[in-house]
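In what follows, a single structure is set out as structure tokens and then discussed.
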Amino acid sequence: MYDVHEIRKDFPILSREVNGKPLVYLDNGASAQKPQVVIDAVTRGYAEEYANVHRGLHYLSNLATEKYEGTRGIIARFLGAKNEDEIVFTSGTTMGINLVAYSWAMPRLQAGDEILLSVMEHHANIVPWHLLRERLGVVLKWVDVDADGGLDPQAVIDAIGPKTKLVAITQLSNVLGTVVDVKTICAAARDRGVPVLVDGSQGAVHMPVDVEDIGCDFYAITGHKLYGPSGSGAIYIKSARMAEMQPFLGGGDMIREVHKDVVTYADPPMKFEAGTPGIVQQIGLGVALDYLMDLGMDKVAAHEHQIATYARARLDGLNWLTVQGTTPDKAAIFSFTLDGAAHAHDISTILDKKGVAVRAGHHCAGPLMDHLGVAATCRASFALYNTEAEVDALVDALELAHELFA
Ligand code: PLP
């Protein structure tokens, strides 16, 4: 039984006030709050168990290494990867996608080769490809979303051509809440010999994920959205793809031997993990993912679905508000504008006065904003601990903003 009120007690920050009002935290799409078990793990990591990993033979280094490396298996389990060697630790999705751009794509792509993207990608899944466009002359090919913000998998499949070398696509839009049928896309891309990178930054937070079932080649996650510490993260890389990659970050930990005129590298995944990593951050991420698996991602998804349904009904009742993205099965992420002149930043400032934290801006999704023809939206993004009462608090605060700006 999923008791959201009991679950809320696991997150100490949720009981604080902001501007004299109970905090209603609806900026989860940007970063999620942390349960006490994660906070404790981070504190313990520094207070009692800290040393550098992989290098020392002393007690604390072995302990830290064991806990840090333990997270690899936890991530593999969370993502349904067969083998924990397919998990590369990163500092988040941005680093994971850059790793694919520099270590996999850069050595094999040439001018004229195409990378296929949807128009609703986050900048983290756009700018690394722009960098390759600037350096190599690769071509970015875009697939639009439908009028309701849905992405037809067939439109992506139809856009795959002889020059397509990679499909890089989000599983869940951080702006529209649209869920993408990445499994269908992966199956068709595989038939055409084209690898698929899935940006799982939002998808892994809101639904159970099984990378084997999806059939993707790369799946990137970011720890801070998964209730873990910022600076933690990972990317699943299918072993066949990992074998094709060359390291792009050089330094300690990723080598076997270094001499004046020769260097040999560690086996993957460590080959792609140069330098001292976010030790305690990754340990905290392991604890966060265990917490999620204990709750059950299917139960989290069911709870959020209920919140999404309620929020949609309440927001639909406001005839002066326009929600972007109306696909029936969307996640509990609502980007909206208020009719009239009020800017998204002004709306979010009013909401903040009522203790309601939302995001306002372009949400790192420039091409989508261009496509929608809006400069900025407010975004309320819900998490496993949000309640229907918090949807009501959002609507009350929006009504106030509407009165002020009408
Ligand atoms: N992709 C999506 C869909 C996101 O929502 C985000 C974060 O907002 C990112 C990528 C980038 O994540 P990070 O900044 O943690 O690397």
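Heads up: the sequence shown begins at 193 in my numbering, then just goes up one per residue. Just so it is clear, CB atoms sit at the ideal spot from N, CA and C, and this is done for glycine as well. Note that the coordinates shown come from a computational prediction; the quantities given were computed from them, not determined experimentally.
Inset, instruction - Let me know the secondary structure DSSP gives V566 once reduced to three states. - result: coil
Inset, instruction - Say yes only if the C-beta of D391 is nearer than 7 Å to one or more non-hydrogen atoms of the ligand MG, and no if none qualify. - result: Among the ligands present in this structure, namely the ligand PLP, the ligand MG is not found.
Legend entry - Complete alpha helix (DSSP H) runs within the stretch 363 to 424 (minimum length 4 residues, chain order): 374 to 383, 395 to 398 and 403 to 406
Inset, instruction - Express the C-alpha separation of R448 and E261 in angstroms, rounding to a whole number. - result: 18 Å
Inset, instruction - Return the chain-ordered list of same chain residues with a C-beta closer than 8 Å to the C-beta of L255, the five sequence neighbours on each side being excluded. - result: E241 and A243
Inset, instruction - Give the C-beta separation of E496 and L576 to the nearest angstrom, bearing in mind that I take them to be a contact with Cβ-Cβ under 8 Å. - result: 7 Å
Legend entry - Bridge partners - Y217, DSSP secondary structure assignment: A549
Legend entry - Beta-carbon spacing of G553, A572 below 8 Å: Not closer than 8 Å, so no.
Inset, instruction - Could you check which residue in A500, I427, V479 and M489 has the C-alpha nearest to that of F464? - result: I427
Legend entry - Through-space distance from S424 to T414, alpha-carbon basis: 6 Å
Inset, instruction - Answer with yes or no whether the minimum CB distance from T286 to chain B is below 8 Å. - result: No chain B is part of this structure, which consists of one protein chain only.
Inset, instruction - Please state if the CB of L389 and the CB of A347 are separated by a distance shorter than 8 Å. - result: 8 Å or more divides the Cβ of A347 from the Cβ of L389.
Inset, instruction - Using 7 Å as the cut-off, classify the Cβ of N290 as near or not near the heavy atoms of the ligand PLP, replying yes or no. - result: no
Inset, instruction - Could you tell me if the beta carbon of Q474 falls within a distance shorter than 7 Å of some heavy atom in the ligand PLP? - result: Relative to the ligand PLP, even the nearest heavy atom lies 7 Å or more away from the CB of Q474.
Inset, instruction - Compute the distance between the beta-carbons of G547 and V230, then report whether it is under 8 Å. - result: no
Legend entry - Continuous alpha helix (DSSP H) stretch holding F464: start and end: That residue, F464, is in no alpha helix (DSSP H); it is neither H nor E in DSSP.
Legend entry - Span separating the alpha-carbon of C408 from that of T376: 10 Å
Legend entry - Ranges of the beta strand (DSSP E) found wholly within the stretch 476 to 535, counting only runs of at least 3: Those beta strand (DSSP E) runs which fall completely within the stretch 476 to 535 and span 3+ residues are 513 to 516 and 525 to 530.
Inset, instruction - Below 8 Å on the Cβ atoms is my guess for V330 versus S310; work out the distance and round it to an integer in Å. - result: 17 Å between Cβ atoms; not a contact.
Legend entry - Beta-carbon proximity list for A224, same chain, < 6 Å, skipping 5 on both sides: K417, Y419 and A575
Inset, instruction - For my contact list, I279 and P461 are in at a C-beta cut-off of 8 Å; report their separation, rounded to the angstrom. - result: 6 Å
Inset, instruction - Would you be able to state if there are at least three C-beta pairs under 8 Å between the stretch 491 to 507 and the stretch 521 to 541? - result: yes
Inset, instruction - Mind checking which residues open and close the alpha helix (DSSP H) that includes W321? - result: V319 to L328
Legend entry - Cut-off 8 Å between Cβ atoms - residues of its own chain near A351, not counting five sequence neighbours on either side: L308, K333 and V335
Inset, instruction - Could you tell me whether the Cβ atoms of V372 and T362 are closer together than 8 Å? - result: yes
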